[in-house]
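Residue 19 is where the sequence shown starts when you use our numbering, and the numbers rise one by one after that. Positions of the beta carbon are idealized from the N, C-alpha and C atoms, including for glycine. Everything below concerns the one structure shown next.
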Amino acid sequence: MLVAGLAMNLPGQASESSQTATPIKHVIVIIGENHTFDNVFATYVPKGHQTVWNLLAEGIVNADGTPGPNFAKAMQRTATDTTTYQLSPAQTGAYGTLPPPNTTTGFAPFNSPDARYPSNLPNGPYQITNQNVPYDAAFVGDPIHRFYQMWQQVDGGKNDLFVWTANTSGRDNGANPPAPIFQGGLAMGFYNVQQGDAPFLKQWADQYALADNYHQAAMGGTGVNHVMLGSADDVFYSDGHGNPLVPPSNQIENPNPKPGTNNNFTQDGYAGGSYSNCSDATQPGVSAVETYLAATNKANPDCAAGHYYLLNNYGPGYNGDGTINTSSQFVVPPSAMPTIGDELSAKGVTWGYFGEGWDNGRPDPAYCPICNPFQYATSIMTTPLRSNIHGMPELFTDIANNTLPAVSYVKPNGLNDGHPASSQLAAFEDYTQNVVNAVKANPRVWNDTAIIVTMDEGGGYYDSGYVQPVSFFGDGTRIPTIAISPFARHGFIDHTYYDHVSVVKFIEKNWGLQPLSGRSLDRLPDPIVKSSNPYVPINGPAVGDLMNLFNFDQD
19 MLVAGLAMNL PGQASESSQT ATPIKHVIVI IGENHTFDNV FATYVPKGHQ TVWNLLAEGI
79 VNADGTPGPN FAKAMQRTAT DTTTYQLSPA QTGAYGTLPP PNTTTGFAPF NSPDARYPSN
139 LPNGPYQITN QNVPYDAAFV GDPIHRFYQM WQQVDGGKND LFVWTANTSG RDNGANPPAP
199 IFQGGLAMGF YNVQQGDAPF LKQWADQYAL ADNYHQAAMG GTGVNHVMLG SADDVFYSDG
259 HGNPLVPPSN QIENPNPKPG TNNNFTQDGY AGGSYSNCSD ATQPGVSAVE TYLAATNKAN
319 PDCAAGHYYL LNNYGPGYNG DGTINTSSQF VVPPSAMPTI GDELSAKGVT WGYFGEGWDN
379 GRPDPAYCPI CNPFQYATSI MTTPLRSNIH GMPELFTDIA NNTLPAVSYV KPNGLNDGHP
439 ASSQLAAFED YTQNVVNAVK ANPRVWNDTA IIVTMDEGGG YYDSGYVQPV SFFGDGTRIP
499 TIAISPFARH GFIDHTYYDH VSVVKFIEKN WGLQPLSGRS LDRLPDPIVK SSNPYVPING
559 PAVGDLMNLF NFDQD
């Protein structure tokens with residue numbers, strides 16, 4: 019049944035809202051995994067007389083993937099940090115050659131230097147694909163990508179500690195002595211669109227609109243960035259009713275080096291160590307981030323007193339059937355934070371989350387629970403709004419039957435999301451192409467739709483771009499983002515500063531909605547820039563609303 023004021027997607031129900039600020043009546047957000055802008059578009063050349071910020075344009079690499087005249091701009095350095103976590107520890111030199119990229123995949127021998135690459139790669143970006151690693155079979159290792167590591171890798175904008183941090187910090191749940199680290203030079207890999215890599219992504223960039231200044235909204239991994247995509251804010255540890263609590267000690271991040279180590283984090287792993295009370299500068303790691311924020315553009319940390327915020331990946335508070343998730347201690351308690359789904363429903367605008375493998379609330383093993391921002395929310399999972407969560411078959415049915423919700427979040431499973439080691443970028447391209455083709459096959463949908471193709475985060479890969487300090491949580495590195503639509507500006511490179519909050523801002527602007535809360539980041543202003551530097555907002559922190567990707571007057 020319908021609850022008063024809540025929009026549901028029933029069979030045969032009209033899916034679009036007529037009250038929009040633009041001709042766009044449907045937005046589809048497709049979210050891949052773990053690639054920076056430079057990792058995908060390192061050698062991309064834009065149409066016409068436009069410019070793009072990438073490794074080729076910076077002279078860091080040549081079109082054939084070899085080191086360019088400015089290769090040293092991406093040089094990776096070594097450092098020392100033995101007492102207290104630092105964003106910019108004292109540097110001790112530079113790598114001669116990169117540590118060999120590690121496999122960290124099923125390639126034998128497991129967790130060892132990847133024999134498909136030379137053992138003496140130059141100190142800088144290297145091309146992932148070669149005669150031994152064809153693009154459509156490019157399973158590679160998984161770079162480290164966690165919150166405090168990413169802050170350190172970016173090194174205050176110098177971007178020169180990606181390799182050192184990955185090979186020192188660890189992710190071993192506090193093991194002492196530290197567990198072995200298998201990374202090598204993985205962070206410096208890139209694909210080469212000039213040599214046939216990422217063909218669909220290149221084709222869409224050529225034909226539609228590419229953003230070269232779109233960022234992950236938080237340092238760290240999948241979970242927190244998907245939450246940002248749905249809420250423009252971060253969840254925190256609570257009693258399950260919105261009241262903050264202190265989490266168990268083994269769930270609190272501590273990036274201070276273990277005694278006797280150089281930068282091996284005390285507590286920062288896949289299970290333990292994912293919350294931080296960023297309102298308290300005495301907490302491990304907090305003062306380093308907040309000192310940096312204060313020295314830059316005076317960004318507000320956006321940390322409520324006594325709140326321990328999620329920084330990496332914990333499971334959502336609910337199972338697919340709406341029951342409370344008690345499968346592990348490493349689960350975010352049910353969240354009372356508002357989501358864009360709540361706001362859309364309250365205004366009578368239809369929406370849906372389409373997660374591959376959902377299976378009517380009985381997810382299969384490849385489904386990604388931490389990727390569903392609505393699965394954390396009590397307001398969604400314990401009300402009729404839970405029926406707005408679907409699997410992929412329902413997406414294609416809705417597209418074909420003209421019952422597509424006005425707003426759709428679309429998430430591939432772990433085999434198709436492009437995540438290094440478990441998936442491939444080519445698999446994500448194929449998945450996205452299937453969705454794009456289905457939309458184009460129905461003119462009634464295609465003619466008023468905007469498809470936003472993005473990644474959750476950079477996956478720990480190197481990127482040369484600017485990173486704006488927005489809050490304690492980030493921003494993080496640039497990630498590739500493309501607008502596919504009849505209204506997308508043809509072959510356009512958009513330098514506007516965006517992050518995941520921009521998706522929420524676009525939805526709110528198009529459907530006449532307000533920011534989700536008094537603290538959510540969708541309340542930030544749109545960027546104002548100088549013509550001499552379109553990448554850096556002079557009124558920061560500021561993030562755009564994606565509108566510049568479109569031209570609503572074109573034929």
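Going by DSSP, what residue range makes up the beta strand (DSSP E) through T110? In the sequence shown, residue 110 corresponds to position 92, counting from 1. That run of the beta strand (DSSP E) goes A108 to A112.
Give the DSSP-derived three-state secondary structure of S353 in the structure shown. Counting from 1 along the sequence shown, the entry for residue 353 is found at position 335. In this structure, S353 counts as strand in the three-state DSSP scheme.
Answer with buried or exposed for D571, where buried requires no fewer than 16 other C-beta atoms within 10 angstroms of its C-beta. For the purposes of this step, residue 571 is identified with residue 553 of the sequence shown, where counting begins at 1. Result: exposed.
Give the secondary structure of V245 by DSSP, where H, G and I count as helix, E and B as strand, and everything else as coil. Numbered from its first residue, the sequence shown carries residue 245 at position 227. It is helical.
Length of the line joining the Cα atoms of N406 and T495: Reading the sequence shown from its first residue, position 388 is the one you call residue 406. Reading the sequence shown from its first residue, position 477 is the one you call residue 495. Cα to Cα, N406 sits roughly 31 Å from T495.
Can you say whether A313 is buried or exposed, counting buried as having 16 or more other CB atoms within 10 angstroms of its CB? Residue 313 sits at position 295 when you count from the first residue of the sequence shown. That one is exposed.
Which residues bound the alpha helix (DSSP H) around K365? Stepping through the sequence shown from its first residue, residue 365 is reached at position 347. Neither: K365 is in no alpha helix (DSSP H) and is coded neither H nor E.
Return the first residue and the last residue of the alpha helix (DSSP H) that D224 is part of. For the purposes of this step, residue 224 is taken as the residue at position 206 of the sequence shown. Counting along the chain, the alpha helix (DSSP H) containing D224 begins and ends at P217 to Q225.
Let me know the secondary structure DSSP gives A97 once reduced to three states. Taking the first residue of the sequence shown as position 1, residue 97 is located at position 79. Correct three-state label for A97: strand.
Smallest Cα separation from G86: which of Q94, R95 and L74? Counted from its first residue, the sequence shown places residue 86 at position 68. The option with the nearest alpha carbon to G86 is L74.
Whose C-beta lies closer than 6 Å to the C-beta of M237 among residues of the same chain, with five residues either side of it excluded? Start at 1 with the first residue of the sequence shown, and residue 237 comes out as number 219. Correct list, in chain order: F165, M168, W169, G492 and G494.
Within 10 angstroms of the Cβ of H244, are there 16 or more other Cβ atoms? Answer buried if so, exposed if not. One-based indexing of the sequence shown puts residue 244 at position 226. Result: buried.
Span separating the alpha-carbon of S267 from that of Y516: By 1-based counting over the sequence shown, the position of residue 267 is 249. By 1-based counting over the sequence shown, the position of residue 516 is 498. So the two alpha carbons sit approximately 35 Å from each other.
By Cβ distance, which residues of its chain are closer than 8 Å to N274, with the 5 residues on each side in sequence left out? Your numbering for residue 274 matches position 256 in the sequence shown. These residues qualify, in order along the chain: T101, T102, Y103, F283, T284, P302 and G303.
Just how far apart, CA to CA, sit V485 and T514? Within the sequence shown, residue 485 is the residue found at index 467, counting from 1. Within the sequence shown, residue 514 is the residue found at index 496, counting from 1. Computed Cα separation, rounded: 12 Å.
Flag this pair as yes or no: are the beta carbons of Q171 and N120 separated by less than 8 Å? Counting from 1 along the sequence shown, the entry for residue 171 is found at position 153. Counting from 1 along the sequence shown, the entry for residue 120 is found at position 102. Not a contact, by the Cβ cut-off of 8 Å.
Quick one: is G324 buried, meaning 16 or more other Cβ sit within 10 Å of its Cβ, or exposed? Position 306 of the sequence shown, counted from the first residue, corresponds to residue 324. Looking at its Cβ environment, which holds fewer than 16 other Cβ atoms inside 10 Å, G324 is exposed.
Which residues does DSSP pair with L228 in a beta bridge? Position 210 of the sequence shown holds residue 228. I500 and I511, per the DSSP bridge assignment.
Looking at the secondary structure, which residues open and close the alpha helix (DSSP H) in which S426 lies? The residue given as residue 426 occupies position 408 in the sequence shown. Unbroken run through S426 is the beta strand (DSSP E), V425 to K429; no alpha helix (DSSP H).
Output the boundary residues of the beta strand (DSSP E) element that contains F283. The residue labelled residue 283 in the question sits at position 265 within the sequence shown. Its beta strand (DSSP E) spans residues F283 to Q285.
Which same chain residues, not among the five before or five after F524, have their C-beta less than 6 Å away from its C-beta? Locating residue 524 in the sequence shown gives position 506, counting from the first residue. Closer than 6 Å at the Cβ level, and outside the excluded window around F524, lie D563 and L564.
Report the residue from T122, V79 and T96 whose alpha carbon sits nearest the alpha carbon of G111. Residue numbering aside, residue 111 sits at position 93 when the sequence shown is read from its first letter. When each option's Cα is compared against that of G111, the closest is T96.
Quick check on I42: buried or exposed, where buried means 16 or more other Cβ atoms within 10 Å of its Cβ? Position 24 of the sequence shown, counted from the first residue, corresponds to residue 42. Classification for I42: buried.
Three Cβ pairs or more, each shorter than 8 Å: is that satisfied between the segment 498–513 and the segment 225–233? yes
What is the residue span of the alpha helix (DSSP H) that P461 lies within? Numbered from its first residue, the sequence shown carries residue 461 at position 443. P461 to W464 is the span of the alpha helix (DSSP H), which, as asked, contains P461.
Go ahead and label I417 buried or exposed: buried means 16 or more other beta carbons lie within 10 angstroms of its beta carbon, across all protein chains shown. Here the question's residue 417 lines up with position 399 in the sequence shown. Buried, because 16 or more other Cβ atoms sit within 10 Å of the Cβ of I417.
G66 to D82 span [Cα, whole Å]: Counted from its first residue, the sequence shown places residue 66 at position 48. Counted from its first residue, the sequence shown places residue 82 at position 64. Roughly 21 Å between the two C-alpha positions.
Tell whether a beta-carbon distance below 8 Å holds between A205 and P161. The residue you call residue 205 lines up with position 187 of the sequence shown. The residue you call residue 161 lines up with position 143 of the sequence shown. It is a contact, given that the beta carbons lie within the stated cut-off.
Counted within 10 angstroms of its Cβ, other Cβ atoms place S345 as buried (16 or more) or exposed: Your numbering for residue 345 matches position 327 in the sequence shown. So S345 ends up on the exposed side.
Straight-line Cα distance separating G436 from C386: To locate residue 386, count along the sequence shown from 1; it is residue 368. To locate residue 436, count along the sequence shown from 1; it is residue 418. Spanning the two alpha carbons is a distance of roughly 13 Å.
Looking at C-alpha atoms only, which residue of N57, I502, H44 and V454 is the closest neighbour of G477? In the sequence shown, counting from the first residue as 1, residue 477 sits at position 459. The candidate whose alpha carbon is nearest that of G477 is N57.
My understanding is that L443 touches A216, with C-beta atoms under 8 Å, so please give their C-beta distance in whole angstroms. Translated into the one-based positions of the sequence shown, residue 443 becomes position 425. Translated into the one-based positions of the sequence shown, residue 216 becomes position 198. Contact flag correct, Cβ pair sits at about 6 Å.
S256 to V350 span [Cα, whole Å]: Taking the sequence shown and counting its residues from 1, one reaches residue 256 at position 238. Taking the sequence shown and counting its residues from 1, one reaches residue 350 at position 332. Computed Cα separation, rounded: 8 Å.
Short Cβ contact (8 Å threshold) for A250 with L105: Position 232 of the sequence shown, counted from the first residue, corresponds to residue 250. Position 87 of the sequence shown, counted from the first residue, corresponds to residue 105. Result no, Cβ atoms of A250 and L105 do not sit closer than 8 Å.
Contact belief for Y336 with P352 at Cβ below 8 Å, rounded distance in angstroms: Here residue 336 corresponds to residue number 318 of the sequence shown, with the count starting at 1. Here residue 352 corresponds to residue number 334 of the sequence shown, with the count starting at 1. Yes, they are in contact, since the Cβ atoms of Y336 and P352 sit about 6 Å apart, within 8 Å.
Can the beta-carbon of E374 be found less than 8 Å from the beta-carbon of M399? Here residue 374 is taken as the residue at index 356 of the sequence shown, counted from 1. Here residue 399 is taken as the residue at index 381 of the sequence shown, counted from 1. In this structure, M399 does not lie closer than 8 Å to E374 by Cβ.
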